[in-house]
Each structure stands twice: as C-alpha cells, then as structure tokens.
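In the working numbering, the protein residues as written are 90 to 415.
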Amino acid sequence: MIHFEQTFDNFLLQHQERHNRTHHFLILMDALISAAKHIQHYYLTGALKGILGLAGEKNVQSEEVMRMDQIAQEITLHYLKASARVIHAISEETKEIIQINPDGRYFVYFDPLDGSSNIPHGLPVGFMFGIAKKNLDGPEDGHLRAGKDYIAAGMFVIPTGTFTLALKDAGTWRFHIDETMTYVKPTRMLLPESSKGWELSFNSANRLTYAEGVQRWITENEKKYAFRYLGALAGDFHRVLANGGMFMYPAIINHPDPKKNRPQGKLRLMYEGAVVAFMCREAGGDAVDERGMPILAIQPETHHQRTALYVGSKPLVEEIGRILKG
Ligand code: FDP
C-alpha cells in the first residue's frame, strides 16, 4: 500500500471551507509557495552556478546584497504580481513600499532570503513573510499593520524543504517538501511545556554589549539550557519552535565603540520580528521587545523599522520581559 500524506493545498482548502472563507488567500499562498520552490531551486544549484557571491551592491540597511538575494526578490515579486491579490508589498530588499495592485486584497511583508551570512556557504536561510488583509468594512488607508493584525505569517527554511505557517487563531503548522516538490504532512507546532529540551539562541559574541539586566539573566540561566546559534533567524527560530526555549536579538547598548550600538535592535519588525512573534503566539509562546512590550502590539511607524527581539517559550519570555520592564 502506498502511503499518501495530506498536501498543503488540501489542508488549506479544508481550512478555508471550514471557516467559510474565499479562495483569494489560496491564490496568494500558491504564489508564495511557487516563489519558495523557485528560490529553493536556485539556492540548491547556486554554488555550482557561482551565484552565491557578492553582487557589490548595498541594500536599504547598507548591507552588501548578494546575487542570490536579488534573484529571490525578483522571483517573489513576479509571483506576487501574477497573483493579482496584493495591494502593496514591503521587502527587505527594496527601500520603498512596492505598489502592486490597488484592486488587490492583501498586504505582504517579506524578506526573500534572510540570514545572508549563510548564503556563500549554501547553509540554511529563510524566506519569511507576514500577511495582512485590507479593511473590507470601510475605506482602506493602506496603513502599516502591527503583527496582531496579520492574518498569517510563515517561513520557508531554504534549502531544507520545511515550511511553517501560522494562521490567525488556527495554530502554527509545519510542512515538509516531498519527492514531487509538494509541501505535505501538516504537523501542529506547540512549544513543549517541559523545559528539558529548551534551547537558548543568541549571538554570544555580543553578550557584553547587552543591557546589564539581560547580561545578568544570561549568566544566571545559560547553564540550564543547550545553546544553539546558526545566524539565520528562520533556522534558529525553527529549532526553538520545536524544542522550546528562547531566541533573542537584544538591543546593543554597551558596545565599546558607541558607533556600533544598536539601541533599536537589529532585526526588522514587519518581516522578521512580527513574523516569528505571530508564529510563536499561535504555537503557545510569546515575544517582547527591549521594553518588555509585546512585539505583536508594536504599531510600525516606518516600514523598515528595527526591533530588539526575545521570542520563544512563555515562561522565559515573561521572565526576561519583567527584567526589561525594570
Ligand atoms: P543577516 O544579518 O545575516 O541577514 O536579519 C538579519 C539576520 O541575518 C537574521 O537572520 C539573524 O538572526 C541575524 O541577522 C544574525 O545577526 P548576527 O550576524 O549579528 O548574529
């Protein structure tokens, strides 16, 4: 007997039907899945083609843009445009808001290839996205949405073939790519309550630059947990979601070279912080910023706004949140 797993399409179709929803979201998700598969293909063969090197350009955060970033951006925009469902998109790779279709229904905030230090090595990177919907009950002003107003958020960990999607009030689900390049086998993700396998993930080289309370918390707690750090948010968060624990990218406020301080944090709110915070909440976890405030409540003022991030198992996030609040 051949064993067949449930496909992502089938899972989502049933979800939409159960909640009496339209097919528009399916079309948008089909676009994102097509983009992810296309990016994955380029990434897998990228080292051979020599496209994982530096392109010599800088992105809006003044970081070197790699050729693969540009390819991923082009692929994603192609599919988002073709879907005709997106009003505007915000991408890590583009300075301005990308106007797509005024008659669309959704706003998409994405980073097509996050974790750029892994690119030259062909190691895991993330394609991360958050989705919000236009106001259907009145005039739409296109304002930037806070994470609590996303309807879905997800990430593909490329090239591992895993895809995690959180649907508002309907849980966080993980899928795996099969031999026909189809995402299959929905598995509900819930952060484990037992702290036995919990992990901490942060760039330990920065620890002396963190706020003193955060440094103290690390010193007092780090021996209780395993430490893991890949340097790509999607990969690191992928582990935390399965094993429990906490990923942190705290504000840098005590750097010996004050020019290197990052009091606003490093990660981007709309397509990194809020995306993982949304997935984490749907899996029973939590996320706060440097003030100990919920990431999902932050109303973005600018579309490339940065944030400090503490995300993971509720007890740990609550504990660090109390310290951050002072
Ligand atoms: P990167 O700068 O390599 O693109 O968004 C940025 C990000 O990667 C995250 O994916 C990752 O978690 C973090 O920055 C890594 O930063 P450090 O190199 O400072 O640890």
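Cβ coordinates follow ideal geometry from the N, Cα and C atoms, glycine included.
Bear in mind that the values here come from a model prediction, so they are computed numbers and not experimental data.
Gly211 has its Cβ no nearer than 7 Å to any heavy atom of the ligand FDP. Every beta strand (DSSP E) stretch that sits fully inside the segment 92-180 and reaches 3 residues is listed by chain position as 143-147, 153-155, 175-180. Excluding sequence positions up to five before and after Glu311, its CB lies within less than 7 Å of the CB of Leu289, all in the same chain and listed in chain order. Leu141 and Gln159 have their C-alpha atoms spaced approximately 11 Å apart.
Of the residues assessed, Ile91 falls on the exposed side of the cut-off, its CB having fewer than 16 other CB atoms within 10 angstroms. Distance from the CA of Ala120 to the CA of Trp262, rounded to the nearest whole angstrom, comes to 18 Å.
In this structure, the ligand FDP has a non-hydrogen atom nearer than 7 Å to the beta-carbon of Lys355.
Of Thr391, Cys369, Gly415, Gly373, the smallest CA-CA separation from Leu398 is found for Cys369. Nearest neighbour of Asp200 by Cα position, chosen from Ala363, Arg411, Gly302, turns out to be Ala363. Within the segment 367-396, complete beta strand (DSSP E) segments of at least 3 residues are found at 375-377, given in chain order. Taking the Cβ atoms as the reference, Ala372 lies roughly 12 Å from Leu256, outside the contact range of under 8 Å.
For Asp238, no beta strand (DSSP E) encloses it, and the DSSP letter there is neither H nor E.
In the DSSP assignment, Trp306 falls within the unbroken alpha helix (DSSP H) covering 301-310.
In this structure Leu202 is buried. Its beta-carbon is surrounded by 16 or more other beta-carbon atoms within 10 angstroms. Under the 10 Å beta carbon count, Met335 is surrounded by 16 or more other beta carbons and is classified as buried. The beta carbons of Leu322 and Gly215 sit about 6 Å from each other, so the pair counts as a contact at 8 Å.
Per DSSP, His265 lies in no alpha helix (DSSP H) segment; the continuous beta strand (DSSP E) that holds it begins and ends at 261-266.
Partner residues in the beta bridge of Thr253, as assigned by DSSP, are Met244, Arg263. Note on Ala315: under 16 other CB atoms within 10 angstroms of its CB, so exposed under the neighbour-count rule.
For Leu289, the enclosing beta strand (DSSP E) starts and ends at 288-290. For Gly410, there is no enclosing beta strand (DSSP E); the residue is part of the alpha helix (DSSP H) that begins and ends at 403-414. Residue range 195-203 is occupied by the beta strand (DSSP E) that includes Leu202. A distance criterion of 7 Å places the beta-carbon of Tyr338 in contact range of the ligand FDP, judged by its closest non-hydrogen atom. Glu301 counts as exposed, since fewer than 16 other beta carbons sit within 10 angstroms of its beta carbon.
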